[in-house]
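Novice: Handing you a structure now.
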Amino acid sequence: MSSAHRSNSHGSTADGSTPNHEHTLGMTDKEATSHESATAATPVRQPPQLGQESFWSPRLREQRGVYLKAMGGTTVIIMVVVWAIVSIYWGSLWKEIDLSSNLNGWIVNRDSGVIGATVRDALLNQTTKPHSTWTVIDPSRFPTQDDLDYEVTNTLSTWIVVTVAQDATAKLAQARANGDQSWDPRSLVSLSYATSRNFQVVPSMVLAPATATLSKALAQLSASLASEFLNANINNQTAISNVARAPQTIASPIVVNDRDLRPYDVPVAIALLLVGLIYLTILAFNATMAGFSTRQGLQPFLRYRSLVAMRIVTPIVCYLFLSLMISLLNIPFQVPFGRSLSYGAGFMTWWAATFTGMCVLGLVTECAISLVGPKFIGFALVFWIIINVSVANLPIELSPSFYKYGYSMPFYSLRQIYIKIIFDVGQRVEMLKWFGILWAWLAVVLLTFPIWIRLEVKGAQKARQAQAEQKQQQQKDESQSLH
1 MSSAHRSNSH
11 GSTADGSTPN
21 HEHTLGMTDK
31 EATSHESATA
41 ATPVRQPPQL
51 GQESFWSPRL
61 REQRGVYLKA
71 MGGTTVIIMV
81 VVWAIVSIYW
91 GSLWKEIDLS
101 SNLNGWIVNR
111 DSGVIGATVR
121 DALLNQTTKP
131 HSTWTVIDPS
141 RFPTQDDLDY
151 EVTNTLSTWI
161 VVTVAQDATA
171 KLAQARANGD
181 QSWDPRSLVS
191 LSYATSRNFQ
201 VVPSMVLAPA
211 TATLSKALAQ
221 LSASLASEFL
231 NANINNQTAI
241 SNVARAPQTI
251 ASPIVVNDRD
261 LRPYDVPVAI
271 ALLLVGLIYL
281 TILAFNATMA
291 GFSTRQGLQP
301 FLRYRSLVAM
311 RIVTPIVCYL
321 FLSLMISLLN
331 IPFQVPFGRS
341 LSYGAGFMTW
351 WAATFTGMCV
361 LGLVTECAIS
371 LVGPKFIGFA
381 LVFWIIINVS
391 VANLPIELSP
401 SFYKYGYSMP
411 FYSLRQIYIK
421 IIFDVGQRVE
431 MLKWFGILWA
441 WLAVVLLTFP
451 IWIRLEVKGA
461 QKARQAQAEQ
471 KQQQQKDESQ
481 SLH
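1 is the number of the first residue of the sequence shown in the UniProt record's numbering; add one for each residue after it.
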């Protein structure tokens, strides 16, 4: 029994292995090798190994194609952006010198003699650019120098005022005749301006050309007057003695008196008036991106009204604290909030402007991400920053007429409010206008935001529906393949 059992068992084992064995034996060595290579996975067909492949690995052909296609497309888009959007900023600067004549200056001549006439003619005959466009103003309109100063610093009626003192020519002649040792050469002609109105433009485009023109004209006039005086009094020892006691009345009797009514004396202001506005936008944009990434798990379950409320209220609360921190940052760097208002009122006004501006700048990016999605939001941010920066750096008068849109832009309005608070340039009531522009922006954004959210929701619903249909089709195909 035992032997028979072992025999049967051995036979059944042999029988079970016979088919494969016979098939293998029936093949030549060459055919067997070909069969094995066909059934084994080739290196190309093997899945790529994490962290083990080179960039040009055949197994990464599909992934590499997706990457290169995406990078190529992005590069093309950026190239278009350079010409279509970045060029806007370039365009705001390139006519600065040619358009310098759009900056006006006033000539107030209170002298009926040669000094007043020389100053007037020299400025009116300016031809070399840059130069301002000069207007002769009737002195009776502004009886005092304080009245003129107010036009420069508050009403901003003019960028610069050249004033010739009352009876300047007669006063100089009298000082020479009397040998007035207290004679001040700076008492006849003055230049009044406010550098902090635009610390880049006023020194280079307004003050420098006027100073150069007047210095040349007055130097020639001084030499001419000195020559006339000496020729007329060459034998008058008394007159010569008097001039010797007051040599400044003949050597350099007329010197332009620069009066910077609002000097640019807050170095950190450059961080507030331009670069800081860009930072303000970027910080608000960071809040936008944080909200986008964190609400994805919550958003599909919310009713439309709840979604709209969340998208509006949450960022605004965020902006409230962010704007406070940015405003407080100015205190340790000694930003003078008390020049136009009291220090406390100045700080609160600054915070209110920063908060309102941040709401506008940030909610615009919220609208943009609903319209273009996260894939193109970076391009929308670049566009938003550039159209604002292009009109906030230089006076709009120095840019082509296209840039007049800048009077309605958030950056420009914020800059004007900030300049009034820390430099007291402009009228206090004007701040209401700039706040009004910001509030108008905010109203438009809040009224249209629900529309963009609705479009985003519909797009997301279509995407989910398409994804569900695709998944259902895949399951159907797999089921059919199994059968």
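All C-beta atoms, glycine included, are put in the ideal place defined by N, C-alpha and C.
Mark VAL189 as exposed unless 16 or more other C-beta atoms lie within 10 angstroms of its C-beta, in which case mark it buried.
Specialist: That one is buried.
Novice: Kindly indicate the opening and closing residues of the alpha helix (DSSP H) around TYR407.
Specialist: TYR407 -> no alpha helix (DSSP H), and no H or E assigned at all.
Novice: Using 10 angstroms around the beta-carbon of GLN473, count the other beta-carbons present and answer buried if the total reaches 16, otherwise exposed.
Specialist: The residue in question, GLN473, is exposed, as its Cβ has fewer than 16 Cβ neighbours within 10 Å.
Novice: Taking a contact to mean a Cβ-Cβ separation below 7 Å, would you say LEU277 touches PHE411 in this structure?
Specialist: Their beta carbons are under 7 Å apart, which means LEU277 touches PHE411 by this criterion.
Novice: Express the C-alpha separation of THR195 and VAL266 in angstroms, rounding to a whole number.
Specialist: Cα-Cα distance, rounded: 11 Å.
Novice: Can you give me the C-alpha to C-alpha distance between VAL76 and CYS367, rounded to a whole angstrom?
Specialist: The straight-line gap from Cα to Cα measures roughly 25 Å.
Novice: For ILE331, count neighbouring C-beta atoms within 10 Å of its own C-beta (all shown protein chains included) and say buried if the count is 16 or more, exposed if not.
Specialist: ILE331 comes out exposed.
Novice: Mind reading off the beta-carbon distance from ILE160 to ILE137? Whole number of angstroms is fine, and I expect it under 8 Å.
Specialist: No, ILE160 and ILE137 are not in contact; Cβ-Cβ is about 12 Å, not under 8 Å.
Novice: Can you check which of these residues, PRO247, SER87, LEU68, GLU53, is closest to TYR403 by C-alpha distance?
Specialist: The shortest Cα separation from TYR403 among PRO247, SER87, LEU68, GLU53 belongs to SER87.
Novice: For LYS420, is the classification buried or exposed, using 16 other Cβ atoms within 10 angstroms of its Cβ as the cut-off for buried?
Specialist: Looking at its Cβ environment, which holds 16 or more other Cβ atoms inside 10 Å, LYS420 is buried.
Novice: In terms of residue numbering, what span does the beta strand (DSSP E) encompassing SER190 cover?
Specialist: That run of the beta strand (DSSP E) goes 189 to 193.
Novice: Quick one: is TYR193 buried, meaning 16 or more other Cβ sit within 10 Å of its Cβ, or exposed?
Specialist: Buried, by the Cβ-count rule.
Novice: Does the beta-carbon of MET205 have 16 or more other beta-carbons within 10 angstroms, so that it is buried, or is it exposed?
Specialist: Classification for MET205: buried.
Novice: Quick one: give me the first and last residue of the alpha helix (DSSP H) that VAL114 is part of.
Specialist: Per DSSP, VAL114 belongs to the alpha helix (DSSP H) from 114 to 124.
Novice: In the DSSP assignment, find the unbroken alpha helix (DSSP H) run with ASN286 in it and report its ends.
Specialist: Taken as a continuous stretch (DSSP letters only), the alpha helix (DSSP H) holding ASN286 covers 276 to 294.
Novice: What residues in its chain sit with their C-beta under 7 Å from that of THR314, if we drop five residues either side in the sequence?
Specialist: Counting only Cβ-Cβ distances below 7 Å, and skipping sequence neighbours, we find GLY291.
Novice: Helix, strand or coil: how does DSSP classify ILE254 here?
Specialist: In this structure, ILE254 counts as coil in the three-state DSSP scheme.
Novice: Compute the beta-carbon to beta-carbon distance between LYS95 and SER399, rounded to the nearest angstrom, for a pair I have assumed lies under 8 Å.
Specialist: About 7 Å separates the two Cβ atoms, so the contact holds.
Novice: So VAL360 and LEU438 are in contact, right, with Cβ under 8 Å, and what is the actual spacing, rounded?
Specialist: So it is a contact: roughly 6 Å between Cβ atoms.
Novice: Could you pull out every residue in the same chain whose Cβ sits closer than 6 Å to the Cβ of ALA38, ignoring the five residues on either side in sequence?
Specialist: Confidence at ALA38 is low in this model, with a pLDDT of 45, below 50, so the placement of that residue is unreliable and no value is reported for it.
Novice: When you compare the stretch 122 to 133 with the stretch 207 to 214, are there three or more beta-carbon pairs, one atom per stretch, that lie closer than 8 Å?
Specialist: Touching, yes, given that three or more Cβ pairs across the two stretches are closer than 8 Å.
Novice: Quick one: what does DSSP say ASN154 is sitting in, helix, strand or coil?
Specialist: The answer is coil: DSSP assigns ASN154 none of H, G, I, E or B.
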